[in-house]
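For the sequence shown, this note's numbering gives the first residue as 44, with consecutive numbering after it. Each residue gets a CB set at the ideal place from its N, CA and C atoms; glycine is no exception.
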Amino acid sequence: QQRLCIARTIAVGPEVILMDEPCSALDPIATGKIEELIDDLRRQYAIVIVTHSMQQAARVSQRTAYFHLGDLIEVGYTEQVFTTPKHKLTQDYITGRFG
Numbered sequence: 044q045q046r047l048c049i050a051r052t053i054a055v056g057p058e059v060i061l062m063d064e065p066c067s068a069l070d071p072i073a074t075g076k077i078e079e080l081i082d083d084l085r086r087q088y089a090i091v092i093v094t095h096s097m098q099q100a101a102r103v104s105q106r107t108a109y110f111h112l113g114d115l116i117e118v119g120y121t122e123q124v125f126t127t128p129k130h131k132l133t134q135d136y137i138t139g140r141f142g
């Protein structure tokens, strides 16, 4: 069903595709297929993904933004945000201290 929704989205020729928890109810195999599709599509579209899965964010994104209680706390290249976050709130969330 996710692939059908994505197909319908790209049929209208958007510049940006917004995805809210695109793999939240999928098994690992289906998740992998959707993540591969996202990787293919990112060459043609700007893709914004909202996810609570830190693993998925690390796998599929090039840039990451972290929001806390509606405030933008940090934005940067995914590797930098995950390995050397600039803000304590970001570090606490990524390391599982809260969330």
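N-terminal and C-terminal residue of the alpha helix (DSSP H) that Leu-47 is part of: For Leu-47, the uninterrupted alpha helix (DSSP H) run begins and ends at 45-54, by DSSP.
Whole-angstrom distance between Cys-48 and Gln-98, CA atom to CA atom: When rounded, the distance between both Cα atoms is 23 Å.
From Arg-102, Ile-77, Gln-87, Asp-135, residue whose alpha carbon lies closest to that of Tyr-120: The option with the nearest alpha carbon to Tyr-120 is Arg-102.
Backbone CA spacing between Gly-56 and Val-93 [nearest angstrom]: Distance between the alpha carbons of Gly-56 and Val-93: 21 Å.
Member of Ser-96, Leu-115, Val-91, Leu-112 whose CA lies at the smallest distance from the CA of Arg-106: Per the C-alpha coordinates, the member of Ser-96, Leu-115, Val-91, Leu-112 positioned closest to Arg-106 is Val-91.
Where the alpha helix (DSSP H) containing Ala-73 begins and where it ends: Its alpha helix (DSSP H) spans residues 71-84.
Through-space distance from Thr-74 to Tyr-109, alpha-carbon basis: Between the alpha carbons of Tyr-109 and Thr-74 lies a distance of about 22 Å.
Limits of the unbroken alpha helix (DSSP H) element including Tyr-136: Where Tyr-136 is concerned, the enclosing alpha helix (DSSP H) starts and stops at 131-137.
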